[in-house]
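Engineer:
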Amino acid sequence: MIKSFEHRGLEKFFYEGDKRGIQSAHSEKVADILDRLDASVKIQDMNYPGSNLHKLKSKLKGVWSIKVSGNWRITFKFIEGNGYVVDYKDYH
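Each position in the sequence shown, counted from 1, maps to that position plus 33 in the numbering used here.
#1: Which class does His59 belong to by DSSP, given the choice of helix, strand or coil?
#2: Between which two residues does the beta strand (DSSP E) containing Gly42 stretch?
#3: Mapping DSSP to helix, strand and coil, what is Gly83?
#4: Quick check: Leu43 and Val119, are their CB atoms within less than 8 Å of each other?
#5: By Cβ distance, which residues of its chain are closer than 8 Å to Asp78, with the 5 residues on each side in sequence left out?
#6: For Asp106, which residues does DSSP report across the bridge?
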């Protein structure tokens, strides 16, 4: 279950369907990722084909990343079956 968001536009999209805070071309993929994250009980549930799920390192230790498109990623912490600090960002 998703417990908290970092990105306000992503949070608004998740709860209200408002696409203004995200890239409109990403809306279907982002919706799929968020639905999966909300339903996940273990991190392996997020490791589906094409997700490119991986743990980040260095100062982002403990944060997971999933590819949306190109340089865009959804990042989050996964603690005891819940997603926290869910963010949407362009890495480059």
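Even glycine gets a Cβ: it sits at the ideal position worked out from N, Cα and C. Model, not experiment: these values are computed from the prediction.
Structural biologist: With the structure as the only source:
#1: Helix, per DSSP.
#2: Looking at the DSSP string, Gly42 is not in any beta strand (DSSP E); the run it does join, the alpha helix (DSSP H), is Arg41 to Glu49.
#3: coil
#4: yes
#5: Arg69 and Ala72
#6: Residue identity differs from the one stated: residue 106 is Arg in this sequence, not Asp. In the DSSP output, where bridge partners are listed per residue, Arg106 has Lys100 and Lys122.
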